[in-house]
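Sequential numbering from 591 applies to the sequence shown in our numbering.
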Amino acid sequence: FLGTFEGQLAQLAGTLQTDRDAFASGTTYSVLSNAFSGPLPFAMYTLFTTPSTAVALAALELGGNHFRCDPETGSWPLWALRLKLSHSHVLGQCTPVPTVTAVAPGSAAEGEALTVTGASYQA
């Protein structure tokens, strides 16, 4: 697979839909602990809601990454919460969106150091 992670999931979904025989015994797609961040890829919705891909996909493992929580709920996006996932499909724990609470000093010249403090930053 080439391209973005979202694109790779979409390509996987397309391949499972058109060439299901190649995945007759079930496919495990594991990207555990790759430090991915950002929104949970919506292409996962297609993987789990299209009958031909849902049957062919034995496991999807995404734990150990840093996909963003929905900022309003502090949980996964609503579409992800509606997915019927088995124990073999691992989303992991969502990561809150970082927020800046203060910048010091209040003004600085070019090249001067700033101290930025906030919450939910990942190291």
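The C-beta atom is built at its ideal place from N, Cα and C for all residues, glycine as well.
Apart from the 5 residues on each side of it in sequence, Pro-686 sits with its Cβ closer than 6 angstroms to the Cβ of Cys-659 and Ser-710 in its chain, given in chain order.
Separation of Gly-701 and Pro-661 (C-alpha to C-alpha, rounded to the nearest whole angstrom) is 33 angstroms. Here the alpha carbons of Asn-655 and Ala-633 stand approximately 16 angstroms from one another.
Contact check for Ala-670 against Leu-652 fails: the beta carbons are separated by 8 angstroms or more. The segment 646 to 687 is shown to contain whole alpha helix (DSSP H) runs of 4 or more residues at 668 to 671, in chain order. Look at Thr-640 here: in three-state DSSP terms it is coil, with no helix or strand label.
Residue state for Gly-604 is assigned as helix, using DSSP reduced to three classes.
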